[in-house]
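Counting the sequence shown from 1 gives a position; this note's numbering is that position plus 1.
Beta carbons are placed, not taken as given, at the ideal position from N, Cα and C, and that holds for glycine.
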Amino acid sequence: MNNLSTNWQRELRNAIHDPTDLLNLLELPNRLLTEMIVAKQHFMLRVPKGYVARMRKGDPDDPLLRQILPLVEENKQLQGFSLDPVGDVLAEKVPGLLHKYQGRVLWITTGACAIHCRYCFRQHYNYSASHSSNQAVLEVIRADSSISEVILSGGDPLVLDDRSLSELVQSLARISHIERLRLHTRCPIVLPERVNDELLAWLTKTRLQVIMVVQANHPNEFNESVNQALQRLVEAGITLLNQSVLLRGVNDNAATLIALSEALFKNRVLPYYLHLLDRVQGSVHFNVSQKNALVLLEQMRIALPGYLVPSMVREVAGMPYKKPI
Ligand SMILES: *Cc1c(COP(=O)(O)O)cnc(C)c1O
Ligand code: SF4
């Protein structure tokens, strides 16, 4: 039993960090290394083997590979692509707690993730400077009765161990004005082993209503293990939503987006947001123009029932909600 519960931690320790290992696993030629950068220490290549197994061998354009491959293009600078594109720094109540939107706060619980997505808008976020003790964060939440929902984010909150998470959630549940707990996590998609008994135990025990927002960007990200993990969460009574990022070379075509919505719903996950890329330095090569994005949205509307069309949004620093496109 103990072994089972730590499976995910072993998976995480065995994640791929070495570009050469990745190319070997995928039977890709080593000359691709010349198109890759030596990624910065804090945001190096990182991908669980189980996720690599869903990539097509021998295909340098595989949509899952593109999400994690540190390409030389990351060095490209473009006006408007900044280090803090969504105004996180200004929204901090205390380091690590963002209060941008009415009634909801976002708690950056850790800087670590199970996977490093090259388009990530928090890739330059200074996590070590943006950390407060749990006590300090809880204090702020306790003092503001307008807050009814706490979002655990990061990084990825589910890389924390279940004992810490369980204690943290119990502290939140003791604050009477908190009604909902939301988790923003990629783990059920990229590391399905993470959805284990220990996790389900504290998720189902809390009096708070739990919403989990996962992140899948392409239908190929689903396999039997992912489906099972999502199934377990559904059976635990958790509301499942998905947010995706519109990414050039990954999911910027209607057929893929439509198949993604359908794959999500097969697993009882509703598409929530389709984000236009946050203009963060290092992500220029993923950018899709707003004009093309709108064409894709129209094609999704034609092909899908309304409940399978996500809201297409862009986060604009200083706005009181995510801006619909
Ligand atoms: C995206 C975000 C939220 C959640 O917004 P919803 O529209 O409720 O999903 C909350 N806080 C911050 C800081 C965010 O970036
Ligand atoms: S899992 Fe989320 S926070 Fe982590 S690198 Fe990917 S997009 Fe960024």
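- prompt: For H276, does the three-state DSSP call read helix, strand or coil?
  reply: Here H276 carries a strand assignment [DSSP, helix/strand/coil].
query: Can you pull every residue whose C-beta falls closer than 6 Å to some heavy atom of ligand 2, listed in chain order?
result: Answer in sequence order: C114, I116, H117, C118, C121, R123, G155, G156, D157, R187.
message: Is I152 a contact residue of ligand 1, with contact defined as CB to any heavy atom under 8 Å?
response: I152: yes, Cβ under 8 Å from ligand 1.
For N243, the nearest candidate out of L192, S177, S312 (CA to CA): Out of L192, S177, S312, S312 has the C-alpha closest to the C-alpha of N243.
task: Name, in chain order, the residues that DSSP records as bridge partners for S312.
output: As DSSP reads the structure, S312 sits in a beta bridge with Y274.
task: Please classify E12: does DSSP put it in a helix, a strand, or coil?
output: Looking at E12 - three-state DSSP - the assignment turns out to be helix.
query: Taking the alpha carbon of N218 as the point to measure from, which residue in E236, I38, A264 has its own alpha carbon closest?
result: When only C-alpha atoms are compared, the closest one is A264.
field: I303 classed as buried or exposed, judged by whether at least 16 other C-beta atoms fall within 10 angstroms
entry: Burial call: exposed.
message: Using the Cβ count rule (16 or more neighbours within 10 Å means buried), how would you classify P158?
response: Buried, by the Cβ-count rule.
query: Taking 8 Å as the cut-off, does the CB of L91 come closer than this to any heavy atom belonging to ligand 1?
result: No - ligand 1 has no heavy atom lying nearer than 8 Å to the Cβ of L91.
- prompt: For F223 versus C121, is the C-beta distance shorter than 9 Å?
  reply: The Cβ-Cβ distance between F223 and C121 does not fall below 9 Å.
- prompt: How would you call E168, buried or exposed, if buried means at least 16 neighbouring beta carbons within 10 angstroms?
  reply: Exposed, because fewer than 16 other Cβ atoms sit within 10 Å of the Cβ of E168.
task: Mind the definition here: the segment 71-86 touches the segment 262-277 only if three or more C-beta pairs lie below 8 Å; say whether that holds.
output: In short, these stretches do not touch, since the Cβ pair count stays below three.
field: Nearest residue (CA-CA) to P64, options G104, R119, K101
entry: It is R119 whose Cα lies nearest to the Cα of P64.
- request: Note down, one range per segment and in chain order, each beta strand (DSSP E) of at least 3 residues found wholly within the segment 99-186.
  value: Taking only runs of at least 3 residues, the beta strand (DSSP E) segments lying wholly in the segment 99-186 are 105-109, 150-154, 181-185.
query: Buried or exposed: which applies to N306, given that a residue is buried once 16 or more other Cβ atoms fall within 10 Å of its Cβ?
result: Residue 306 is actually Pro in this sequence, not Asn. It counts as exposed.
- request: Taking only the alpha-carbon atoms, compute the straight-line gap between S147 and Q103 and give it to the nearest angstrom.
  value: Their Cα atoms are separated by approximately 8 Å.
Endpoints, the alpha helix (DSSP H) within which V337 is located: Absent from the model: residue 337. The displayed extent of the chain is 2 to 326, so no value can be given.
query: For the alpha helix (DSSP H) that contains L46, what are its first and last residues?
result: Bounds of any alpha helix (DSSP H) do not take in L46, whose DSSP letter is neither H nor E.
message: Please state the DSSP three-state secondary structure of Q232.
response: Helix.
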